[in-house]
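Enquirer: Counting in the working numbering, the sequence shown runs from 7 upward without gaps.
Backbone N, C-alpha and C define an ideal beta-carbon position, used for all residues, glycine too.
For clarity, every value in this text was computed on a predicted model and none was experimentally measured.
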Amino acid sequence: MALETVIFLIPSEAVMTLAGWMLIKDKGLGPEWIILAGLLGGFGSTLGSVFIYYLGVWGGRPIVQRYGRYFFVSLDDLTAAERFFDRWGTWAVFFGRMLPLVRTFISLPAGTARMDVRLFTIYTFAGSAIWAGLLAGLGYALGENWQQLRDWMGPADIVVAVLLATFLAWYVIRHVRKAWEVQPSGGPEA
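1) By DSSP, does Ile-5 sit in helix, in strand, or in coil?
2) Which of helix, strand or coil does DSSP assign to Ala-147?
3) Compute the Euclidean distance between the alpha carbons of Tyr-146 and Val-63, then round it to the nearest angstrom.
4) Touch check for the region 47-65 and the region 167-178: three-plus C-beta pairs under 8 Å?
5) Contact defined as beta carbons within less than 8 Å: I believe Ala-142 pairs with Gly-26. What is the distance between those atoms, to the nearest angstrom?
6) Given Gly-48, which residues of its chain have a CB within under 6 Å of its CB, disregarding the five upstream and five downstream residues?
7) Which of the three DSSP states is assigned to Asp-122 in this structure?
8) How would you write the range of the alpha helix (DSSP H) that Pro-68 sits in, first residue to last?
9) Under the three-state reduction of DSSP, which class applies to Glu-1: helix, strand or coil?
10) I believe Ala-87 touches Pro-115 by the beta-carbon criterion, under 8 Å. Please report the beta-carbon distance rounded to the nearest angstrom.
11) So what's Arg-180 in DSSP terms, helix, strand or just coil?
12) Classify Ser-55 as helix, strand or coil using the three-state DSSP reduction.
13) How about Ser-80 and Val-70: do their beta carbons lie closer than 9 Å?
14) So, for Tyr-129: in the same chain, excluding its five sequence neighbours on each side, which residues have a beta-carbon less than 6 Å away from its beta-carbon?
15) Just to confirm my understanding: we take Leu-144, look at its own chain, exclude 5 residues before and 5 after, and list those with CB closer than 6 Å. What are they?
16) Taking C-alpha atoms, which residue in Ser-51, Glu-38, Met-121 and Leu-29 lies nearest to Asp-92?
Put into structure tokens, the structure is as follows:
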């Protein structure tokens, strides 16, 4: 879970549902172990999140200015995220921990906005533990029927993948156009 917050290619959905199925139910452990799985998942997620939070605190705008373009993150994006934190604060962190993609990227703007680290840690842990516990419970409930869920979700996966690809394409095109507008000649430098 700590790696999911640092390297977004490791999805908590797969890790925690697998934990609920194979590490709890398959070993004959009772459902009370779901709570422990949630707490441990929340702890791991919090470790990775605090690391990224401090990158935001120590590097902040200069990091985004220097390396943001490699991740399609601009200073405008950072400013918008900081405004979002000014408005929603700790609740953005708490509920953001339960949303795909948001949970991976929410720590950096929280750090650059200099959100109180104690509140950040508490709300990160609470949101992450609830999310991890729900996923472990889902894996526990499904057990060996995991394959059946995959069959049910197959068509939905395609829809979600198309929506995500469309959003990503829009996001990249928007940033490329902004970069071109910044150039004095109206296009990229040769």
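Expert: Answer, in terms of the structure:
1) An answer regarding residue 5 cannot be provided, because it is not within the stretch 7 to 196 covered by the chain.
2) Looking up residue 147 in the sequence shown gives position 141. Residue state, collapsed to three classes: helix.
3) Translated into positions along the sequence shown, residue 146 becomes position 140. Translated into positions along the sequence shown, residue 63 becomes position 57. Straight-line measurement puts the Cα of Val-63 at about 38 Å from the Cα of Tyr-146.
4) In short, these stretches do not touch, since the Cβ pair count stays below three.
5) Start at 1 with the first residue of the sequence shown, and residue 142 comes out as number 136. Start at 1 with the first residue of the sequence shown, and residue 26 comes out as number 20. Going by Cβ atoms, the distance from Ala-142 to Gly-26 rounds to 4 Å, so yes, they are a contact pair.
6) By 1-based counting over the sequence shown, the position of residue 48 is 42. Contacts found: Phe-131, Ser-134, Ala-135 and Ala-138.
7) Here residue 122 corresponds to residue number 116 of the sequence shown, with the count starting at 1. The answer is coil: DSSP assigns Asp-122 none of H, G, I, E or B.
8) The sequence position of residue 68 within the sequence shown is 62, counting from 1. Here the alpha helix (DSSP H) through Pro-68 covers 66-73.
9) Past the boundaries of the shown model lies residue 1; the chain is included only from 7 to 196, so the question cannot be answered.
10) Translated into the one-based positions of the sequence shown, residue 87 becomes position 81. Translated into the one-based positions of the sequence shown, residue 115 becomes position 109. That pair is a contact at about 3 Å.
11) Along the sequence shown, read from residue 1 onward, the residue named residue 180 stands at position 174. If DSSP states are grouped into helix, strand and coil, Arg-180 belongs with the helices.
12) The residue given as residue 55 occupies position 49 in the sequence shown. Look at Ser-55 here: in three-state DSSP terms it is helix.
13) Reading the sequence shown from its first residue, position 74 is the one you call residue 80. Reading the sequence shown from its first residue, position 64 is the one you call residue 70. Yes, these two residues count as a Cβ contact at 9 Å.
14) By 1-based counting over the sequence shown, the position of residue 129 is 123. Excluding sequence neighbours, Tyr-129 sits near Thr-96, Val-99 and Phe-100.
15) What you label residue 144 is simply residue 138 of the sequence shown in a count that begins at 1. Sequence-distant partners of Leu-144 (beyond 5 residues in either direction) whose C-beta falls short of 6 Å from its own C-beta, in its chain, are Thr-23.
16) Position 86 of the sequence shown, counting from 1, holds the residue named residue 92. Put simply, of Ser-51, Glu-38, Met-121 and Leu-29 the residue whose alpha carbon is nearest the alpha carbon of Asp-92 is Met-121.
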